[in-house]
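Let me begin by presenting the structure, written as structure tokens, before commenting on it.
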Amino acid sequence: MGSRLIFKQHGYMLIPYLIFAANQIGIFDFLNSSFVSSYLNDLVALPIILHLALIPMKYIVYRDESYALGSTNIIITFIAVSLTFEWFLPTQNPRYVADYFDIACYASGSIWYYFAIDRRQVKPSTNKTLRRLEIYDKKDQ
Numbered sequence: 035m036g037s038r039l040i041f042k043q044h045g046y047m048l049i050p051y052l053i054f055a056a057n058q059i060g061i062f063d064f065l066n067s068s069f070v071s072s073y074l075n076d077l078v079a080l081p082i083i084l085h086l087a088l089i090p091m092k093y094i095v096y097r098d099e100s101y102a103l104g105s106t107n108i109i110i111t112f113i114a115v116s117l118t119f120e121w122f123l124p125t126q127n128p129r130y131v132a133d134y135f136d137i138a139c140y141a142s143g144s145i146w147y148y149f150a151i152d153r154r155q156v157k158p159s160t161n162k163t164l165r166r167l168e169i170y171d172k173k174d175q
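Be aware that the sequence shown starts at 35, since it is given in the working numbering, and climbs by one per residue.
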């Protein structure tokens, strides 16, 4: 797989990784913003989680460069993370606080991931005849 294809499929993921790293080391502290300190990590959490799930699925499990998580897996992950961090954990430990704006951040991150990353994966043809022709073309080369 060429470097252009890798960048096309995964390049936008640099954004949430860099935002998370910058927030962790305090680059955004000068803003003195409660939004940044409270919600920035929640905003990039789902894109990072989903991308970390995509890599082994794509290259180890399915060994298919065209694999994408799809909207169903993204929605299931969003629901699981929301229920875990905004419902279950706050009932178990006072360190965790239920905040519904976190859920909005998770949703925004999931939507961003779907449009910026998931839809950019190389999609195989859905036409069975075209796929057969593509297989025969590859064998001839």
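Glycine residues also receive a C-beta, built at the ideal position from the N, C-alpha and C atoms.
Only a predicted model underlies this, so the values are computations on that prediction, with no experimental measurement involved.
Answer with buried or exposed for residue i, where buried requires no fewer than 16 other C-beta atoms within 10 angstroms of its C-beta.
| i | result |
| --- | --- |
| Gln155 | buried |
| Ile83 | buried |
| Asp174 | Residue confidence for Asp174 is low, a pLDDT of 48 falling below 50, so the modelled location carries little weight and cannot support an answer. |
| Ile94 | exposed |
| Asp152 | buried |
| Tyr96 | exposed |
State the Cα-Cα distance for the pair residue i and residue j, rounded to the nearest angstrom.
| i | j | result |
| --- | --- | --- |
| Ala102 | Pro81 | 13 Å |
| Ala56 | Val70 | 11 Å |
| Ser68 | Asp133 | 14 Å |
| Lys176 | Gly104 | Because the chain in this structure spans residues 35 to 175, residue 176 falls outside the shown range and cannot be described. |
| Ile89 | Thr118 | 23 Å |
| Tyr148 | Gly45 | 14 Å |
* Asked: Taking contact to mean at least 3 C-beta pairs separated by less than 8 Å, is the segment 49-69 in contact with the segment 105-122?
  -> The way I'd put it, the segment 49-69 doesn't touch the segment 105-122; fewer than three beta-carbon pairs between them come closer than 8 Å.
* Is the segment 76-85 in contact with the segment 131-151, if contact means three or more CB pairs nearer than 8 Å? -> yes
* Count the CB pairs spanning the segment 57-69 and the segment 119-133 that are closer than 8 Å, and state whether there are at least three. => no
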